[in-house]
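Report on the structure given below.
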Amino acid sequence: MSAAPDAAGLVRQHLIDPEVCIRCNTCQEMCPIGAIEHDSRNYVVKFDVCNWCNDCISPCPTGAIDHYRNVAPGRPYTLGEQFAWDALPAPGEPAIAQATDVPEDVARITQVATQGQGGHASPPWSAAHPYVNLYTPERPATATVAGNFRLTAEDASADIRHIVLDFGQAAFPVLEGQSIGILAPGEDDAGRPHHLRLYSIASPRNGERPGYNNLSLTVKRVTEDHDGRPVTGVCSNYLCDLKKGDKVRVAGPYGTTFLMPNHPGSSILMVCTGTGSAPMRAMTERRRRRMALEEGGELMLFFGARAPGELPYFGPLMKLPKELIDINFAFSRVAGEPKRWVQDRIRERGADVARLLNDANTYVYLCGLKGMERGVDEAFRDVCRGHALDWDALLPRLRAEGRYHVETY
Amino acid sequence: MSINYSERIPNNVDLASNKSLQRALEHWQPAYLDWWNEMGPEKSQTAEVYLRTAVSVEAKGWAHFDYVKMPDYRWGIFLTPQDPQRTISFGAHKGAPVWQEVPGEYRSTLRRIIVTQGDTEPASVEQQRHLGLTCPSLYDMRNLFQVNVEEGRHLWAMVYLLHAHFGRDGREEGEALLARRSGDADNPRILTAFNEKTPDWLSFFMFTFITDRDGKYQLAALAESAFDPLSRTCRFMLTEEAHHLFVGESGIARIIQRTCELMAQHKTDDPAKIRALGAIDLPTLQKYLNFHFSVTSDLYGSEISSNAASFFTNGLKGRFNETGIADDHQLHGSEYPVMDVVGDRIVARHAPALSTLNERLRDDWVADVANGVSRWNRVPEKHGIPFRFSLPHKGFHRRIGLFAEYHVSPDGLLMSESDWTRRHGDWLPSAEDRAFVHSLMGRVAEPGKFANWIAPPATGINKQPVDFEYVRFS
């Protein structure tokens, strides 16, 4: 239940301040109608359940429970957004809620993945209109595995695979930069279905094979967590073990901002590591298929990996025509060579990077491990400093103009 | 049921209908007040304190705020309403109706459990009685006194159970609870951690964050008890306990905040410079965390315990969130990992789950403490300071259980006696550290003013402004 809209058409949403809350569970215990729940991070209020009885307010020992924001009706902060907060959004900051109600898992993952861009980003003005949420976890589409190939060398530390999914007669329209949700079969230890996992599409909008209703994913088999402890990633192992002909449950598509520009003359500056190359491959392939149209614009890619054998799509990338794309590899573990990171390559190419950043037709995309964000940001700052640009002033403008997009994990 | 304040002892247990019980408690009441006046907050008994008093146990009623002189605080007996359908949720009696009276065979064990829990309540009031004299603000002073009066009420809750269900033995235990003294050589409090000093506000905040959290987990385990009056008593105490945890968590967070502000402002991470600026350096805070964490860890007892097993099997004390756990609630044939020392290594081994219930409760508590510490870590993170707090290994600085006979470093390495002697000063507060912290303690009692070593809170109590006059002196 929600309150009636005010004169400005906004409604009040009851929120809990995660900076003040001590997670004592008092509010959840007090609530007579189950409107409060928690995960391992935060306590949150269900907008559509809270009936403003205020039974939770006075028992709260901290005052964290006593917070509100005015939001547009139908666009409250979702539970997924609230679970991801370290602090309440400033009053008046728009909900990042998507046009369509995406599942909480998706909102949460998206919120975390796009933190690095430092705020809400718009899509490029010439992006095509994306379809989102055509299939939900409750009513997924079924795709058939059309192929599953290992991309990394046999002796590489990572098993990264190129997996092609065919949707048969089901409509599943996608754009480069969008993601799909994979639903691994089975249940977790607590008997709940596994969380949905998001994977960026690695193929362009008209299919992995042009004219076919299929798409591809770039999936790394997860065998350890961020701290190097051994774990078995449920969904990635499920995907990597799929065989041709297997059926897969798919939700989505998702993503309304990390989309490529389509206007002639638009340039794309891409920085990625590992499987973060998936959306870059999709965009590059889109441009490659349209080369004959001579629409102009440049593609510049910075791609980091441990060694050439660890780099997905290394072979195909090497075959791309030089006039299509300017490729810059950074390898950190090649015997006998100094370690090089993407930020080193960006600095080396400072003049071209600065020229592109300063061009209103350039769109920047970062995708890969969270760890690269800071280094890349510093490299951009250095490049700007060396070329009479001010990164701190430029970045907000890039964001506002839909020219800066980050997805890191 | 609302609380009847017209009676001498406010209660929601219909005390008036049981005259002998009422008389017994009315006899204990003046002894309690004598204890409070002697051992309660020093030199603050005439101050008017903006306190929360429960006027009913329902959501709307139990946070009623007004100025009260502490000796006039309406200590009373409040139990969560009875659920007539409630059945025993674990152990050998699982599924049977809960007990409204103590079964004869468990009488002495239950009495011991209640006395041990009850003893911690006045103990902490005694440990904290000098702190009002060195409060960093009126806001903090008010929070201290709120904690104190509620610990007093928790004593009432346990004494009620003793009087109502344990006859003459119970009444004698009630008197003994007022006779023991924290830190007394001849008649100390029962548990070691409650005989330690709480000499300064840093220790107080650490204590409320860490040791009161042990209280939370013990109360939560007792709230599962088959003895229904104990369960209902602990349920309501838990709601009050939340405030104590808040005082500790936010208190330390504000100290970290202040230190980080100064570090950023003066562009230094040199502890000596931070100390010269009159704040507590982060490594010293880590040492206090190590100390309180390890001392409190001992309160859970031995990793392997046949007592804990029989408490569970007999339905006296459950696990944390017992009803929320998906298993048979009897632990037939199930196992739980505990640590062990083999040669020069610490290893994990599986032991029968029934015998490891102390360890399991400790692990639940450790996870809860770790979550709080990770919230503290957001403060330096926000200031761009690389320092992060972490919990020491469970075996670090232990006096009880498996690790009592070993020396373990904070990162979990076994150490020789000589290495420990050489290194422990790096990990635990030294006399010099304590003297430094003590030197910062001076009374700040002007509304809205805060000592230099602590940041003001984000919000006041009960929506009052931060500079509200939380304590008035006549």
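Read top to bottom, the protein sequences are chains A and B.
Residue numbers for the first sequence follow my numbering, so the first one is 1 and each next one is one higher.
Residue numbers for the second sequence follow my numbering, so the first one is 410 and each next one is one higher.
Ideal Cβ positions, reconstructed from N, Cα and C, are used throughout, including at glycine.
Check: Residue closest to R797 (chain B), alpha-carbon to alpha-carbon, out of B:L691, B:S706, B:S634; Outcome: B:L691
Check: Beta-carbon spacing of A630 (chain B), T705 (chain B) below 9 Å; Outcome: no
Check: Beta-carbon neighbours of R23 (chain A), restricted to chain B and to distances below 7 Å; Outcome: N780
Check: Unbroken alpha helix (DSSP H) run spanning P531 (chain B), endpoints; Outcome: 516-536
Check: Secondary structure, alpha helix (DSSP H): runs of 4+ residues fully inside the stretch 708-755 of chain B; Outcome: 715-722
Check: Test item: CB-CB of A107 (chain A) and L183 (chain A) under 9 Å; Outcome: no
Check: Within-9 Å CB hit, R787 (chain B) to chain A; Outcome: yes
Check: DSSP-derived helix/strand/coil call for C367 (chain A); Outcome: strand
Check: Test: M318 (chain A) CB closer than 9 Å to a CB of chain B; Outcome: no
Check: Selected residue, minimal CA-CA separation from G851 (chain B), among B:S719, B:S498, B:P608; Outcome: B:P608
Check: Chain-order list of residues whose beta-carbon lies under 6 Å from that of P312 (chain A) (same chain, five-residue window excluded); Outcome: L151, I160, T218, S277
Check: Within 9 Å, strictly: CB atoms of P18 (chain A) and A87 (chain A); Outcome: yes
Check: Limits of the unbroken alpha helix (DSSP H) element including D352 (chain A); Outcome: 350-357
Check: Within 9 Å, strictly: CB atoms of L15 (chain A) and H67 (chain A); Outcome: yes
Check: Short CB-CB distance (under 9 Å) between P61 (chain A) and chain B; Outcome: yes
Check: Contact set between L654 (chain B) and chain A, taken where Cβ atoms lie within less than 7 Å; Outcome: I22, C24
Check: For G252 (chain A), the first and last residue of its enclosing alpha helix (DSSP H); Outcome: Counting along the chain, G252 (chain A) falls outside any alpha helix (DSSP H), though it belongs to the beta strand (DSSP E) covering 247-254.
Check: Same chain, Cβ closer than 8 Å to M1 (chain A), neighbours up to 5 away in sequence not counted; Outcome: Because M1 (chain A) carries a pLDDT of 49, less than 50, the predicted location of this residue cannot be relied on, and the following value inherits that uncertainty. Cβ neighbours of M1 (chain A) beyond the five flanking positions: D48, V49, C50, N51, W52.
Check: Assigned secondary structure, H263 (chain A) (DSSP; H/G/I helix, E/B strand, else coil); Outcome: coil
Check: Neighbouring residues, chain A, relative to E658 (chain B) (Cβ below 8 Å); Outcome: I22
Check: CB contact below 9 Å: A388 (chain A) versus chain B; Outcome: no
Check: Local conformation of V880 (chain B) per DSSP, three classes; Outcome: strand
Check: Expected contact under 8 Å - CB spacing of L654 (chain B) and I22 (chain A) to nearest Å; Outcome: 6 Å
Check: T677 (chain B) to I689 (chain B) span [Cα, whole Å]; Outcome: 13 Å
Check: Buried/exposed call for R192 (chain A), threshold 16 Cβ in 10 Å; Outcome: exposed
Check: Proximal residues to W444 (chain B) (C-beta, below 8 Å), its chain only, five neighbours per side dropped; Outcome: P531, L587
Check: Cβ neighbours of P210 (chain A) in the same chain (closer than 7 Å, five flanking residues each side left out); Outcome: R289
Check: Short CB-CB distance (under 9 Å) between V384 (chain A) and chain B; Outcome: Looking at the sequence provided, one finds Cys at residue 384 (chain A) rather than Val. No, C384 (chain A) does not count as interfacial toward chain B.
Check: Among A:M283, A:P264, A:R221, the one whose alpha carbon lies nearest that of L175 (chain A); Outcome: A:M283
Check: Distance, T136 (chain A) Cα to H195 (chain A) Cα; Outcome: 13 Å
Check: Neighbour-count burial assignment, D390 (chain A), 16 or more Cβ in a 10 Å radius; Outcome: exposed
Check: Pairwise C-alpha distance: L488 (chain B) and H582 (chain B); Outcome: Residue identity differs from the one stated: residue 582 (chain B) is Glu in this sequence, not His. Going from the Cα of E582 (chain B) to the Cα of L488 (chain B) covers about 21 Å.
Check: contact_flag[the stretch 330-341 of chain A, the stretch 295-310 of chain A] where n(CB pairs < 8 Å) is 3 or more; Outcome: yes
Check: Any C-beta of chain B under 9 Å from that of A97 (chain A); Outcome: With a pLDDT of only 39 at A97 (chain A), under 50, the local geometry of the prediction cannot be trusted, and the value read off the model is given with reservation. Output row for A97 (chain A): interface = no.
Check: Members of the stretch 164-198 of chain A that neighbour chain B once the beta carbon cut-off is set at 9 Å; Outcome: A190, G191
Check: 8 Å Cβ cut-off: residues of chain A touching W471 (chain B); Outcome: S58, P59
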